[in-house]
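These protein sequence lines map, in sequence, to chains C and A. Take any residue in the first sequence, count from 1 to its spot, add 316: that is its number in our numbering. Take any residue in the second sequence, count from 1 to its spot, add 316: that is its number in our numbering. In this text, a Cβ means the ideal position worked out from N, Cα and C, and glycines have one as well.
There are 2 protein chains.
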Amino acid sequence: MIETPYLLFLGDAPDQLAAKVAQGIKDWRPENAVGQYRMPGCKADVGLTDMTLDEGLKAGAKTLVIGVANRGGQISAAWREVLVDALGRGYDLASGLHNLLRDQPDLLAAAQVNGRTLHDVRVPTVAYPIANGVKRSGKRVLAVGTDCSVGKMYTALALDAAMQERGMKSSFRATGQTGILITGAGVPLDAVIADFMAGAIEYLTPDNDDNHWDIIEGQGSLFHVSYSGVTLALIHGGQPDALILCHEPTRTHMRGLPGYKLPSLEAVRDLSLQLAQVANPACKVVGVSINTQNLGDAEARACCAEIEARLGLPTVDPFRHGGGRLAEALAAL
Amino acid sequence: MIETPYLLFLGDAPDQLAAKVAQGIKDWRPENAVGQYRMPGCKADVGLTDMTLDEGLKAGAKTLVIGVANRGGQISAAWREVLVDALGRGYDLASGLHNLLRDQPDLLAAAQVNGRTLHDVRVPTVAYPIANGVKRSGKRVLAVGTDCSVGKMYTALALDAAMQERGMKSSFRATGQTGILITGAGVPLDAVIADFMAGAIEYLTPDNDDNHWDIIEGQGSLFHVSYSGVTLALIHGGQPDALILCHEPTRTHMRGLPGYKLPSLEAVRDLSLQLAQVANPACKVVGVSINTQNLGDAEARACCAEIEARLGLPTVDPFRHGGGRLAEALAAL
Numbered sequence: 317m318i319e320t321p322y323l324l325f326l327g328d329a330p331d332q333l334a335a336k337v338a339q340g341i342k343d344w345r346p347e348n349a350v351g352q353y354r355m356p357g358c359k360a361d362v363g364l365t366d367m368t369l370d371e372g373l374k375a376g377a378k379t380l381v382i383g384v385a386n387r388g389g390q391i392s393a394a395w396r397e398v399l400v401d402a403l404g405r406g407y408d409l410a411s412g413l414h415n416l417l418r419d420q421p422d423l424l425a426a427a428q429v430n431g432r433t434l435h436d437v438r439v440p441t442v443a444y445p446i447a448n449g450v451k452r453s454g455k456r457v458l459a460v461g462t463d464c465s466v467g468k469m470y471t472a473l474a475l476d477a478a479m480q481e482r483g484m485k486s487s488f489r490a491t492g493q494t495g496i497l498i499t500g501a502g503v504p505l506d507a508v509i510a511d512f513m514a515g516a517i518e519y520l521t522p523d524n525d526d527n528h529w530d531i532i533e534g535q536g537s538l539f540h541v542s543y544s545g546v547t548l549a550l551i552h553g554g555q556p557d558a559l560i561l562c563h564e565p566t567r568t569h570m571r572g573l574p575g576y577k578l579p580s581l582e583a584v585r586d587l588s589l590q591l592a593q594v595a596n597p598a599c600k601v602v603g604v605s606i607n608t609q610n611l612g613d614a615e616a617r618a619c620c621a622e623i624e625a626r627l628g629l630p631t632v633d634p635f636r637h638g639g640g641r642l643a644e645a646l647a648a649l
Numbered sequence: 317m318i319e320t321p322y323l324l325f326l327g328d329a330p331d332q333l334a335a336k337v338a339q340g341i342k343d344w345r346p347e348n349a350v351g352q353y354r355m356p357g358c359k360a361d362v363g364l365t366d367m368t369l370d371e372g373l374k375a376g377a378k379t380l381v382i383g384v385a386n387r388g389g390q391i392s393a394a395w396r397e398v399l400v401d402a403l404g405r406g407y408d409l410a411s412g413l414h415n416l417l418r419d420q421p422d423l424l425a426a427a428q429v430n431g432r433t434l435h436d437v438r439v440p441t442v443a444y445p446i447a448n449g450v451k452r453s454g455k456r457v458l459a460v461g462t463d464c465s466v467g468k469m470y471t472a473l474a475l476d477a478a479m480q481e482r483g484m485k486s487s488f489r490a491t492g493q494t495g496i497l498i499t500g501a502g503v504p505l506d507a508v509i510a511d512f513m514a515g516a517i518e519y520l521t522p523d524n525d526d527n528h529w530d531i532i533e534g535q536g537s538l539f540h541v542s543y544s545g546v547t548l549a550l551i552h553g554g555q556p557d558a559l560i561l562c563h564e565p566t567r568t569h570m571r572g573l574p575g576y577k578l579p580s581l582e583a584v585r586d587l588s589l590q591l592a593q594v595a596n597p598a599c600k601v602v603g604v605s606i607n608t609q610n611l612g613d614a615e616a617r618a619c620c621a622e623i624e625a626r627l628g629l630p631t632v633d634p635f636r637h638g639g640g641r642l643a644e645a646l647a648a649l
């Protein structure tokens, strides 16, 4: 667990896109962030109050979260100065960067001297069990995609928000770095050792109240040959009661695999359901989430309507139109 | 790569079954073993010449392979004495034990002093790439099972032997500890980090001659919820041209999962083929391998005949009856 609330470190972000982790926290867990810390030359702004490290502390911040990608894969001298200063003032640090905080001697020393914690959320810190396949109480929904990076995390977060609005009991369960930083906890599934993948998801989604929903962030795709094993571990470890299909309609080939076409939503529906029913025979596909970021308003509505008619399932872009219809589909189960 | 030939360390094995790694080497790569080393009280015998460490060296041995499971998960003082002695005489050590050789201070020190190598084959030593899904030259066959531990490794080894007898070009590609010790190389797939599983299998089975077959050792099962992700990574990383279905007909539930029934061979055939065709649309299911160790001769033949009639595929126990018909099915592709 990463201690909240956060101060969000935007550093010297070259553009808004570089700060997408900070933006995700601001969009989905604004209560987790007291403000943003920007260095000279920072071109990003997630719309929070600009604060110094001291102002952040006074506002209650416990952890300085690196909310920005680093340039060229290096943690610069300018960043180090701020990060060491933050540790000295009593902040923990949290990061999803490829370069681990713990591998930086100056940060490690400052953390040790000051008794602070460095959270590298790419690295598992738990010895996960091997999955035992035993049925757990409570309900679970998993986002499965035609491809990687089609909006599975945003779908899960939007669904969580819509369920909370309706007074339903739900918990977003992060399975990737960004999701972990947004919510402060989760499993970095792509960094887990093969034998323990499904067990890590069982650990992440334990027994719960009968009317509680774990909303499990999906990863990869059964049809993405680089990462399909991770996806199947989610399906079998998660024992989902419900699946939501996720798709980006303008994608021309599988991400990073120019020789591979995307599967149809029908193929993803049938294959995911067959595999999910191995662990949970009652599993159903309840809705479709379309990432319409590359479409205009009218196109987006037409695309969702066409898919809804074709598959006979509620179909929305939950980021654009809200996740209400998906939440209602779960409530109706 | 582990240097061959080996001297096989049987230690103080309490029974024959404890020496199954040594037995596998003797059965499948007898040319890799010059003899066996037994301690007082050893109850196992794989039928090789008993040798002292010095006799092993004179016969050409380079590596002392721990061919036996250790009792109670500890490397005993009696074992340590022999292992340290072996390092001093110039042997490398190789082991698939849960306790790593490198974590034993006395063995690590002796290896360093003598310039020898400790091979812990449970631990990956290569930074595997992320799979790129690019079609490779040469042909590949993968064993897929209804469950774990149904004979996928023995099927692959028997197929390799049958293909070699027929003058076909083939390489057994180990994906587990025992297979790695038998052949001296491979990928310990269950210990690979999730994101790199499929890439590890691409690495293991690179471009090759058009008429060369990689025979890939299978792991787990698509229907085993603890390990299914590992199985799918094998299917997508391996890009198999051919699949062989493996089954143990007396199994009453999935291994380690009392609540889970075994799938039918038809279900494994259809699901494996659908997933394999994502990476290789030309993939075909070519045969069935039945582990008949718990059946009498007549029962074993009747079981294979029934399945052969039902599935319309050559069906044999390759360990009992030889792998010839499976090799011929591949040759006919």
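Which partner residues does C:A352 have in the DSSP bridge list? Note on residue identity: the sequence assigns Gln, not Ala, to residue 352 of chain C. DSSP, once it has assigned bridges, lists C:L324, C:D366 as partnering C:Q352.
Shorter than 7 Å from the beta carbon of C:V594 to some beta carbon of chain A? By this cut-off, C:V594 is an interface position.
Which residue or residues does DSSP assign as beta-bridge partners of A:V632? For A:V632, the pairing in a beta bridge is given by DSSP as A:S605.
Within the 7 Å Cβ cut-off, does A:A490 reach chain C? Chain C has no Cβ within less than 7 Å of the Cβ of A:A490.
What did DSSP end up calling C:C562 once you bin it into helix, strand or coil? strand
Buried versus exposed call for A:K577 [16 or more other C-beta atoms within 10 Å across all chains shown]: exposed
Whole-number beta carbon distance between C:D331 and C:M355, since they are thought to touch under 8 Å: Actually they are not in contact, since the Cβ atoms of C:M355 and C:D331 sit about 14 Å apart, beyond 8 Å.
Report the residue ranges of all beta strand (DSSP E) runs contained in full by the stretch 452-530 of chain C; include only those spanning at least 3 residues, in chain order. 455-461, 485-489
By Cβ distance below 7 Å, which residues in the same chain neighbour A:A643 in space, the five residues on each side in sequence not counted? L475, A478, M479, R482, M484
Does the beta carbon of C:I446 sit closer than 7 Å to a beta carbon anywhere in chain E? Reference to chain E is not applicable here, since the protein chains of this structure are C and A.
Less than 7 Å between the beta carbons of A:L550 and A:I517, yes or no? yes
Show which residues of chain A have a CB atom less than 8 Å away from the CB atom of C:L719. Residue coverage of chain C in this structure runs from 317 to 649, which leaves residue 719 of chain C outside it and unanswerable.
Neighbourhood of C:D436 by C-beta distance below 7 Å, restricted to the same chain and skipping five residues each side: These residues qualify, in order along the chain: S411, L416, L417, R418.
Please state whether DSSP places C:D343 in a helix, a strand or coil. Assigned with DSSP and collapsed to three states, C:D343 falls in helix.
Taking 8 Å as the cut-off, does the stretch 426-433 of chain C touch the stretch 571-586 of chain C (at least 3 CB pairs, one atom from each stretch)? no
Give the residues from the stretch 498-530 of chain C that approach chain A closer than 8 Å (Cβ to any Cβ), ordered along the chain. L505, D506, A507, V508, I509, A510, D511, M513, A514, G515
May I ask you to verify whether the stretch 502-516 of chain A touches the stretch 535-554 of chain A, counting CB pairs closer than 8 Å and requiring at least 3? yes
Would you mind working out which of C:G515, C:H637, C:R396 sits nearest C:Q420, comparing C-alpha positions? C:R396
Under the DSSP definition of a beta bridge, which residues are partnered with A:D408? A:T379
State the CB to CB distance for the pair A:S341 and A:Y353, rounded to an integer number of angstroms; the pair is presumed to be in contact (CB under 8 Å). First, the residue type needs correcting, since residue 341 of chain A is Ile and not Ser in the sequence shown. Actually they do not touch by this definition, with Cβ atoms about 13 Å apart.
For A:A621 and A:G612, the rounded distance between their alpha carbons: Rounded to whole angstroms, the gap between the alpha carbons of A:G612 and A:A621 is 14 Å.
Kindly list the residues whose CB is nearer than 7 Å to the CB of A:R345, restricted to its own chain and excluding five residues on each side of it in sequence; keep chain order. Only I498, T499 meet the Cβ criterion.
Just to confirm my understanding: we take A:D525, look at its own chain, exclude 5 residues before and 5 after, and list those with CB closer than 7 Å. What are they? G454, K485
Answer with buried or exposed for A:A648, where buried requires no fewer than 16 other C-beta atoms within 10 angstroms of its C-beta. exposed
Start and end residues, alpha helix (DSSP H) containing C:H540: Element bounds for C:H540: n/a, residue is neither H nor E.
Tell me which residues share the same chain as A:N607 and place their Cβ nearer than 6 Å to its Cβ, disregarding the 5 neighbours each side in the sequence. V466, G467, E564
Establish whether the CB of C:H569 and some CB of chain A are separated by less than 7 Å. no
Per DSSP, C:D436 is paired with what? C:S411
Going by C-alpha to C-alpha distance, which of A:A490, A:R452, A:R456, A:T462 sits closest to A:M469? A:A490
So C:R585 is in the alpha helix (DSSP H); what residue range does that whole segment cover? 581-595
Whose C-alpha, out of A:L520, A:L403, A:C599, A:I623, is nearest the C-alpha of A:G431? A:L403
Minimum Cβ-Cβ distance from A:A459 to chain C less than 7 Å: no
Exposed or buried, which one is A:D401 when buried takes at least 16 other CB atoms within 10 Å? exposed
DSSP state of C:K577, grouped into three classes? coil
C:T539 touches chain A at which residues, Cβ-Cβ below 8 Å? Note on identity: in this sequence residue 539 of chain C is Phe, with Thr being the wrong assignment. Result: V594.
Since C:T548 meets chain A, which of its residues come closer than 7 Å, beta carbon to beta carbon? A small fix is needed here, since residue 548 of chain C is Leu in this sequence, not Thr. Those are S544, G545, L548, listed as they occur along chain A.
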